[in-house]
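Chemist: Taken in order, these protein sequences are the chains called A and B.
Following this note's numbering, the numbering of the first sequence begins with 2 at its first residue and continues without gaps.
Following this note's numbering, the numbering of the second sequence begins with 5 at its first residue and continues without gaps.
Cβ coordinates follow ideal geometry from the N, Cα and C atoms, glycine included.
First the structure, which I've put down as structure tokens, then a few questions once you've had a look.
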Amino acid sequence: MSEARTTPEAKSSQKLIQKIFRSQEGIVFALAVAAFLVFALLLPAFASPGNLLALVRSVSILGILALGMALVVIARGIDVSMIATMVVSVSWAFVLARSGYSFGIALLIGVSFALVVGAAIGALIAFGDVPPIFATLAAGSVIYGLGRTFFFKLEMQNVPPGNDWFLFIGQGRILGVPITIVAFGVLCLLLHFILSSTRFGWLTYAMGNNPAAARITGAPFRPIVIAQYVASSFIAYVAGLILASSASAINARLFNSTMIYDILLVVVLGGIGLNGGHGSVRNVVLGTVFVGILLNGMTIMNIDYTIQNLVKGVVLLLAIVVDSLVNPRDEQTSQQGDL
Amino acid sequence: MRMFTKIKIAIAACVALIGIGAAQAQDKGLENPRSTAFHKTLAGKKVVFVPLSMGFDLTEGWAAQMRKQAARLNYSFEIRDPAWSTDAGTRALSSLITEKPDLIVLHNPDIQSYARLINQAQAAGIKIVQINLESNSTSDSYVGADWTEIGEQAANAIVKKCGAGNGVSRKIAIDTGVPTAASDVFQLDGIYKVLKQHPEIQVVSQQATEYNAEKARSIMDTVLQQNPDLCGAIGIWDNQDTGTASAIKQAGKSDQVYLVTSGGGNRVGCENVEKGLFNLYISYNVPLQGDILNAEIARLLMSDSPAGKVKTLYFNPLTQITKENVNPRNCWTLDDLK
Chain A
2 MSEARTTPEA KSSQKLIQKI FRSQEGIVFA LAVAAFLVFA LLLPAFASPG NLLALVRSVS
62 ILGILALGMA LVVIARGIDV SMIATMVVSV SWAFVLARSG YSFGIALLIG VSFALVVGAA
122 IGALIAFGDV PPIFATLAAG SVIYGLGRTF FFKLEMQNVP PGNDWFLFIG QGRILGVPIT
182 IVAFGVLCLL LHFILSSTRF GWLTYAMGNN PAAARITGAP FRPIVIAQYV ASSFIAYVAG
242 LILASSASAI NARLFNSTMI YDILLVVVLG GIGLNGGHGS VRNVVLGTVF VGILLNGMTI
302 MNIDYTIQNL VKGVVLLLAI VVDSLVNPRD EQTSQQGDL
Chain B
5 MRMFTKIKIA IAACVALIGI GAAQAQDKGL ENPRSTAFHK TLAGKKVVFV PLSMGFDLTE
65 GWAAQMRKQA ARLNYSFEIR DPAWSTDAGT RALSSLITEK PDLIVLHNPD IQSYARLINQ
125 AQAAGIKIVQ INLESNSTSD SYVGADWTEI GEQAANAIVK KCGAGNGVSR KIAIDTGVPT
185 AASDVFQLDG IYKVLKQHPE IQVVSQQATE YNAEKARSIM DTVLQQNPDL CGAIGIWDNQ
245 DTGTASAIKQ AGKSDQVYLV TSGGGNRVGC ENVEKGLFNL YISYNVPLQG DILNAEIARL
305 LMSDSPAGKV KTLYFNPLTQ ITKENVNPRN CWTLDDLK
């Protein structure tokens with residue numbers, strides 16, 4: 002051991018290990034690799050290409066939603082109304098299509114609804130100065146209530162018959178890869194480009210780092226806030242279409258499920274701090290894949306439902322505890338509005 | 005003499021008139037005191053329905069039928085919708101106990117949560133009919149499926165397909181809903197009672213889907229990766245099992261994996277049988293349940309016996325729907341019931 006310490010390669014690898022464990026992202030990455038190796042060794046068909054595709058596919062809708070959430074969280078916001086927007090806009094589109102509108106027009110009305118909702122939430126936050134968590138929490142209930150009262154009676158809406166091309170989105174494959182995964186990949190690249198190479202992206206980071214400074218230095222603060230919530234609503238709509246296409250139906254009950262917390266789990270686990278200003282698409286991919294490995298492994302091992310939830314909770318807690326141990330908070334790093 | 009004849013004619017006329025009058029009275033029929041009492045007793049009563057949640061086929065179907073009978077018989081019918089929240093349901097029940105309606109129709113989220121409230125409500129004089137999902141606490145009446153029987157029927161069908169020497173393998177998967185609901189606990193008991201007699205059947209996966217079709221899809225996707233020779237699957241509810249079926253179809257194993265599911269028998273479920281997505285659909289027939297429920301409501305509202313004194317139940321018959329016998333008579337849409 003002492004001999005190894007002296008060689009330069011060992012030193013650099015030690016530094017790399019230190020670097021990995023200094024960030025939460027690194028810790029989660031190490032955990033993901035460890036979980037993958039354990040499952041691959043213990044479970045016979047875990048590492049087969051078919052299962053790996055099934056694994057990524059099972060979480061890619063979650064990943065797409067997490068992309069929208071990440072965009073908002075990086076700008077020091079949060080959007081817990083995403084599931085409501087998703088189920089109501091897609092369900093409404095299906096109901097309209099069944100009531101005689103052509104499917105294309107119905108889908109257009111659905112997307113318009115999602116965009117209007119996003120703009121309204123953004124305006125509430127930008128002009129009304131309502132904290133994002135309260136604005137979106139309330140908006141979620143309002144959207145769902147509107148939907149259940151005026152747009153549709155039944156929670157379960159099947160894809161209107163005679164639209165096989167639509168089912169292809171969620172069930173088809175390109176070169177053997179499910180389109181759901183391809184869509185996740187394309188959206189990752191798109192968001193990565195927006196965040197890293199456009200003015201909108203840079204301003205998003207600036208606003209997350211220090212909203213007051215961003216405002217004083219002349220960033221178009223309010224329009225950008227609105228644009229962010231419009232974007233997250235749009236992404237929610239896209240995710241809803243893929244979900245509906247994949248399962249042949251959409252169930253508005255998802256609004257009452259823990260899905261929104263799973264999205265936050267992916268975002269936080271991947272290492273995007275809820276205090277904004279940090280993180281990238283890479284974090285979302287990491288969080289998504291890690292959750293996917295855990296869920297897939299536990300399903301194969303046929304672990305009980307309650308224990309699966311327990312494991313998910315413990316892992317999130319562990320990630321947060323380790324993060325606060327290796328990155329202790331002090332006056333400089335803690336910010337107002339830190340969740 | 006002329007006078008005499010006049011009187012005679014008058015008398016004759018009177019007799020004739022009385023005769024006609026009597027005949028007319030007979031044409032107007034007899035009042036049925038039981039009908040009068042039936043309508044009089046029921047009018048003005050108050051019935052409240054506390055479902056798991058409105059907005060899905062089962063509860064909307066029952067509610068449509070109960071509403072129709074309430075309008076016919078002039079009693080009031082209300083719905084307190086807890087929207088899948090057991091907390092909200094508990095609050096609704098507690099406030100109903102002080103409001104004292106005549107009867108509550110209760111749909112239990114699990115076998116435990118409402119058990120004490122059921123006893124309290126009956127002690128307060130409110131009659132309780134439980135619908136399709138039982139609580140551990142029995143009440144004036146229960147109308148609905150016998151989940152144990154559904155489990156047994158499902159398991160027997162699977163054993164027939166995948167038992168010794170029949171299917172590609174003896175591996176089966178079970179997709180449950182929420183582990184604490186009556187539909188889960190009693191159905192699993194039914195399934196395992198049968199499987200115990202057939203130790204050759206191997207349950208390779210038993211996972212909860214939380215009634216979520218997409219989760220059911222990804223679970224079945226994973227299970228098929230691990231067990232490409234899966235022979236059969238039992239799903240607990242048709243609404244979620246569209247996802248299970250979708251995974252089987254996408255894996256190209258529709259001919260190999262025999263999928264049994266159960267549900268209220270709505271048109272969408274039947275369409276899935278026609279498309280070959282469900283191989284066997286055990287229907288507990290919502291319109292039939294609604295009729296029995298209505299009969300029970302009327303019976304209890306008229307009965308003088310105090311709430312909770314006489315406890316009865318009726319497990320309604322089940323229909324096994326396959327591609328061979330699927331027809332409009334077995335299936336319903338909400339518009340049919342309204």
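1. Answer with yes or no whether the minimum CB distance from Ile264(A) to chain B is below 8 Å.
2. Compute the Euclidean distance between the alpha carbons of Asn170(B) and Ala120(A), then round it to the nearest angstrom.
3. By the three-class DSSP mapping on this structure, what secondary structure does Gln260(B) have?
4. Applying the criterion that 16 or more other CB atoms from any shown protein chain within 10 Å of the CB defines a buried residue, is Ser309(B) buried or exposed?
5. From Arg120(B) to Ser39(B), what distance separates their C-alpha atoms?
6. Can you tell me which of Ser13(A), Phe114(A), Ala240(A) and Leu168(A) puts its alpha carbon nearest to the alpha carbon of Cys189(A)?
7. Cys166(B) to Leu341(B), Cα distance in whole Å?
8. What does DSSP give as the partner residue(s) for Lys175(B) in the beta ladder?
9. Who are the neighbours of Asn216(B) on chain A, taking C-beta pairs under 9 Å?
10. Along chain B, in chain order, which residues have C-beta atoms closer than 8 Å to that of Thr137(A)?
11. Confirm, please, whether the CB-CB distance from Val81(A) to Leu138(A) is below 8 Å.
12. State the DSSP-derived secondary structure class of Tyr318(B), mapped to helix, strand or coil.
13. At 3 residues or longer, and completely inside the stretch 26-84 of chain B: list those beta strand (DSSP E) runs for me, N to C.
14. Helix, strand or coil: how does DSSP classify Met83(A) here?
15. With a CB to CB cut of under 7 Å and the five nearest residues on each side skipped, what residues in its chain are close to Lys175(B)?
16. Between Val330(B), Glu153(B) and Gln73(B), which has its C-alpha nearest Tyr285(B)'s C-alpha?
17. Got a sec: is the Cβ-Cβ distance from Thr142(B) to anything in chain A below 8 Å?
18. Can you tell me whether DSSP reads Ala125(B) as helix, strand or coil?
19. Specify the secondary structure class of Pro224(A) as computed by DSSP and reduced to three states.
20. In the DSSP assignment, find the unbroken beta strand (DSSP E) run with Met302(A) in it and report its ends.
21. Pick helix, strand or coil for Leu137(B), following the three-state DSSP scheme.
22. Should Leu110(B) and Ile132(B) be called a contact, given that it needs their Cβ atoms to be closer than 8 Å?
23. Going by DSSP, what residues sit across from Asn252(A) in a beta bridge?
24. Under 8 Å, CB to CB, which of the residues in the stretch 61-79 of chain A have a partner in chain B?
25. Let me confirm a value: Ser325(A) is counted as buried when at least 16 other C-beta atoms fall within 10 Å, else exposed. Which label applies?
26. Nearest to Leu204(A) by CA position, among Val57(A), Val160(A), Gly277(A) and Leu176(A), is which residue?
27. Could you pull the start and end residues of the beta strand (DSSP E) that Ala237(B) belongs to?
28. Closer than 7 Å by beta-carbon distance: list the chain A residues that pair up with Ala212(B), in chain order.
29. Please report the Cβ distance between Asn334(B) and Thr316(B), rounded to the nearest whole angstrom; I am assuming they are in contact, meaning their Cβ atoms lie under 8 Å.
30. Name the DSSP beta bridge partners of Leu107(B), please?
31. Could you tell me whether the stretch 95-104 of chain A touches the stretch 280-295 of chain A, where touching means 3 or more Cβ pairs closer than 8 Å?
32. Does Asp339(B) pass the burial test, meaning 16 or more other C-beta atoms within 10 Å, or should it be called exposed?
33. So that I know if they touch, is there some Cβ in chain A lying closer than 8 Å to that of Gly59(B)?
34. DSSP state of Val182(B), grouped into three classes?
35. Express the C-alpha separation of Leu255(A) and Gly280(B) in angstroms, rounding to a whole number.
36. Which residues share a DSSP beta bridge with Pro86(B)?
Modeler: Put simply:
1. no
2. 59 Å
3. The three-state secondary structure of Gln260(B), taken from DSSP, is coil.
4. Label assigned to Ser309(B): exposed.
5. 37 Å
6. Comparing Cα positions, the closest option is Ala240(A).
7. 38 Å
8. Gln206(B)
9. Ala248, Asn252, Arg254, Leu255, Ser258 and Met260
10. Under the 8 Å cutoff, chain B gives no residues; its nearest Cβ is about 19 Å from Thr137(A).
11. Taking a C-beta distance under 8 Å as the contact criterion, Leu138(A) and Val81(A) qualify as a contact pair.
12. strand
13. 50-54 and 80-83
14. helix
15. The answer, listed in chain order, is Gln206, Val208, Asn231, Asp233, Leu234 and Cys235.
16. Val330(B)
17. no
18. Correct three-state label for Ala125(B): helix.
19. helix
20. Premise fails: Met302(A) is in no beta strand (DSSP E) and is neither H nor E.
21. coil
22. yes
23. Met157(A)
24. Ile62
25. exposed
26. Gly277(A)
27. Gly236 to Gly239
28. Taking the beta carbon of Ala212(B) as reference, the chain A residues within 7 Å of it are Tyr306, listed in sequence order.
29. The pair is not a contact, with the Cβ atoms about 27 Å apart (cut-off 8 Å).
30. Val51(B) and Lys131(B)
31. Touching, no.
32. With fewer than 16 other Cβ atoms within 10 Å, it is exposed.
33. yes
34. coil
35. 27 Å
36. BP columns for Pro86(B) are empty, so no partner.
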